[in-house]
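**Q** Encoded as C-alpha cells, here's the structure I'll be asking about.
Shown next as C-alpha cells:
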C-alpha cells in the first residue's frame with residue numbers, strides 16, 4: 242500500500258526538514274501545500290525528490306486547506322502531519338504494518354505530544370492522522386478541523402507525534418480563541434456553532450479564564466437543550482462536568498450539587514460526579530454524607 246504524506250506549511254523553515262525526514266521512509270510521495278511562506282520553507286522542501294509542491298492563498302480555513310492538500314494525493318493511504326511535527330521513529334514500522342493489514346477502520350488517530358519552545362509544559366491530545374484516500378472522507382470545520390464522511394475511527398497510541406510550538410501555549414490559544422470567535426459570528430448552523438463554542442470553552446479553561454469558561458459552558462448547555470442534543474452523549478456529559486468543576490472551584494457548592502444531581506439522573510454510576518458530590522458535602526461540613534459518596538465513587542472506579 243502506498244502512503245501519501247500531506248503537509249500544510251507556512252514559514253516552517255525551522256522544522257520542515259526534520260518533519261519530512263521523519264516520514265520519508267514510509268512515503269510514496271510527499272504533498273506540500275504552502276499557504277504563503279516568506280522564509281526558506283519552499284526552498285528546503287524542493288531538496289527532497291518525493292516532494293510535490295503546491296501553493297494556495299490562506300483563507301483562514303484549515304479544512305479548506307487540508308482538503309485542497311489531500312486532493313493531490315495519489316496513494317492508497319494519506320498521512321496528514323503538520324510542518325512543525327516529527328513522527329516518532331518507533332511509529333514507522335507500526336504504520337507500515339497497519340496500512341497493509343485487513344481492517345474495518347479507515348481512520349486512525351495519533352497521540353500528539355505538544356511542547357512550546359519556551360515552556361516545559363506539555364499538552365497531549367489525539368488527532369486524525371492516517372486515513373484511506375477516499376473521496377467520501379474529508380475535512381470539516383474551519384478550525385479544530387476533523388475528518389467526516391463515511392468513517393470508522395480508531396485511536397492508535399502506537400502512532401506518536403512530537404509537535405514543536407514556535408510560540409508560547411498561551412499565545413497560540415489566544416490566537417485560536419480569536420479565530421473561534423470569528424467563526425461563531427459567521428455560523429448559522431446550530432451544530433457547527435456548538436462545535437466552535439465547545440472548543441472556545443476548552444481554550445478559556447487552558448488559559449485559566451475560568452469565569453469565561455463557566456459562561457461558555459452554560460451557553461453551550463443551553464443550546465444543547467434547545468436543539469434536543471443527545472443527553473447521553475459524551476459531548477453533553479463533558480459540558481455538564483465542566484460546569485460542576487467550575488462551580489466547585491468558585492465554592493458555589495449548592496449550585497455544584499444541583500448539577501451533580503442532574504448528571505447522576507443521566508449517568509447514575511458516574512464516579513467523577515459522585516466524587517464532586519462527596520467534596521461538596523465535605524466542604525459544607527456534612528461528613529457523614531461525604532463519606533457515603535466517597536465510598537460510592539470508589540465503588541464505581
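Numbering (our numbering), first residue to last: 242 to 542. Note that the Cβ used here is the ideal one computed from N, Cα and C, for glycine as well. In this text the structure is predicted, and so the values were computed from the model without any measurement.
Could you name the residues that DSSP lists as bridge partners for residue 414?
**A** Residue 414 is not bridged to any residue.
**Q** Report the residue from 382, 278, 511 whose alpha carbon sits nearest the alpha carbon of residue 435.
**A** Comparing Cα positions, the closest option is 382.
**Q** Would residue 468 be called buried (16 or more neighbouring beta carbons within 10 Å of its own) or exposed?
**A** Exposed.
**Q** Where do the N-terminal and C-terminal ends of the alpha helix (DSSP H) with residue 332 fall, by residue?
**A** 332 to 340 is the extent of the alpha helix (DSSP H) around residue 332.
**Q** Report yes or no: do the region 307 to 327 and the region 242 to 251 share at least 3 C-beta pairs separated by less than 8 Å?
**A** Yes, the region 307 to 327 touches the region 242 to 251.
**Q** Where residue 448 and residue 343 are concerned, what is the direct C-alpha to C-alpha distance, given to the nearest angstrom?
**A** Those two C-alpha atoms are separated by around 43 Å.
**Q** Does the region 280 to 288 touch the region 347 to 358, meaning 3 or more C-beta pairs lie closer than 8 Å?
**A** These segments do not touch.
**Q** Rounded to whole angstroms, what's the CA-CA distance from residue 347 to residue 437? Just pull it up for me.
**A** The straight-line gap from Cα to Cα measures roughly 25 Å.
**Q** Over what stretch of residues does the alpha helix (DSSP H) that includes residue 486 continue unbroken?
**A** Per DSSP, residue 486 belongs to the alpha helix (DSSP H) from 475 to 490.
**Q** Tell me the rounded alpha-carbon separation between residue 528 and residue 335.
**A** The straight-line gap from Cα to Cα measures roughly 52 Å.
**Q** Ends of the alpha helix (DSSP H) at residue 311?
**A** Residues 303 to 311.
**Q** Along the chain, where does the alpha helix (DSSP H) that runs through residue 463 open and close?
**A** Segment 451 to 467, the alpha helix (DSSP H) holding residue 463.
**Q** If we ignore side chains and look at the alpha-carbon of each, how far apart do residue 519 and residue 499 end up?
**A** For residue 519 and residue 499, the distance between alpha carbons rounds to 13 Å.
**Q** Could you give the C-beta distance for residue 276 and residue 250, rounded to a whole number, given that I count them as a contact under 8 Å?
**A** With a Cβ gap of about 7 Å, residue 276 and residue 250 count as contacting.
**Q** DSSP three-state call for residue 263: helix, strand or coil?
**A** DSSP places residue 263 in helix when its eight states are reduced to three.
**Q** Please classify residue 542 as buried or exposed, where buried requires at least 16 neighbouring CB atoms within 10 angstroms.
**A** So residue 542 counts as exposed.
**Q** For residue 396 and residue 522, what's the separation of their Cα atoms in angstroms?
**A** Straight-line Cα distance between these residues: approximately 38 Å.
**Q** In whole angstroms, give me the CA-to-CA distance for residue 471 and residue 478.
**A** Straight-line Cα distance between these residues: approximately 10 Å.
**Q** Taking DSSP as the reference, what is the three-state secondary structure of residue 384?
**A** Coil.
**Q** On the DSSP bridge list, what partners appear for residue 292?
**A** Answer is 271, bridged to residue 292.
**Q** Between the region 366 to 385 and the region 417 to 429, are three or more C-beta pairs nearer than 8 Å?
**A** The region 366 to 385 vs the region 417 to 429: in contact.
**Q** If you compare alpha carbons, which of 490, 491, 482 is closest to residue 503?
**A** Minimum Cα distance to residue 503 is reached at 482.
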